Amino acid sequence: MASTSYKARVIIKEHTGSDNVVTVAGKYKLLMAAKSIPAPASAPNTVESTTMEDDTQRFEMGIKTSDSKEVTGNLEKEYLDAIEKLNGKRCDIIQLYGTDGLGGVAKYAYVGQVVATPSDVGGVDEILEMTATIIPNSAAVRLADTVTVTENAGEFTVAEG
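According to our numbering, the sequence shown holds residues 358 to 518 in order.
Have a look at this one:
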């Protein structure tokens with residue numbers, strides 16, 4: 358069954374490990390009430406393997422690129438201040454997909470650093486927006502269905518097993 362983007366979310370907590378491996382379990386907060394969320398991972402590059410003997414191009418799968426990711430939302434002081442406290446720190450980031458708001462369809466996790474800035478103001482009659490730019494420090498991995506997410510009063514608890 359297909360799902361809508363309703364309740365797709367990005368949750369975040371300060372990273373507690375010493376490397377770039379996500380420590381999945383713990384207490385998370387909503388990054389922001391998002392209007393748009395980028396894909397957690399990209400398609401791999403293609404590496405050409407064609408020789409002079411081939412009558413058509415051939416390719417091999419290359420590495421995945423991991424550019425910065427921009428999450429946009431309304432400019433809200435609560436989210437702007439919370440992200441500012443994490444500025445420059447490594448964070449565990451989980452992207453949740455599914456209309457349950459808890460990743461019922463898919464969950465992806467990675468380590469990254471995040472900074473928030475107000476977006477450009479383009480006119481006189483619009484909602485002010487902000488962008489949270491995430492710099493990935495690790496590859497995004499899809500979490501197993503055994504990883505559960507619960508929500509209580511705006512705080513998310515992630516448990517393994």
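Every residue gets a Cβ at the ideal spot worked out from N, C-alpha and C, and that includes glycine. The structure displayed is predicted, hence computed values, not measured ones.
Distance check between Arg-415 and each of Ser-423, Pro-493, Glu-405 places Glu-405 closest, using alpha-carbon atoms only. Ala-473 sits in a strand when the DSSP states are folded into three classes.
Cβ-Cβ distances below 7 Å link Tyr-363 to Thr-456 in the same chain, with the five nearest sequence neighbours on each side left out; the list follows chain order. For Thr-474, same chain residues with a beta-carbon under 8 Å away, outside a window of 5 residues either side, are Met-487, Thr-488, Thr-490 in chain order.
Rounded to whole angstroms, the gap between the alpha carbons of Gln-470 and Glu-508 is 23 Å. Within the same chain, Cβ atoms closer than 7 Å to the Cβ of Thr-422 are found at Ser-399, Asn-402, the five residues on either side in sequence being excluded. Annotated three-state conformation of Tyr-465 is strand, per DSSP. In this structure, Thr-361 keeps its C-beta atom at 8 Å or more from the C-beta atom of Ser-393.
Cβ-Cβ separation between Val-498 and Tyr-467: approximately 7 Å, consistent with a contact (criterion under 8 Å). Only exposed fits Ala-359, as fewer than 16 other CB atoms lie within 10 angstroms of its CB. Boundaries of the alpha helix (DSSP H) harbouring Asp-438: 434-443, taken from the DSSP string. For Met-487, the uninterrupted beta strand (DSSP E) segment begins and ends at 486-493. Distance from the CA of Gly-445 to the CA of Lys-370, rounded to the nearest whole angstrom, comes to 13 Å.
For Lys-392, the enclosing beta strand (DSSP E) begins and ends at 391-393.
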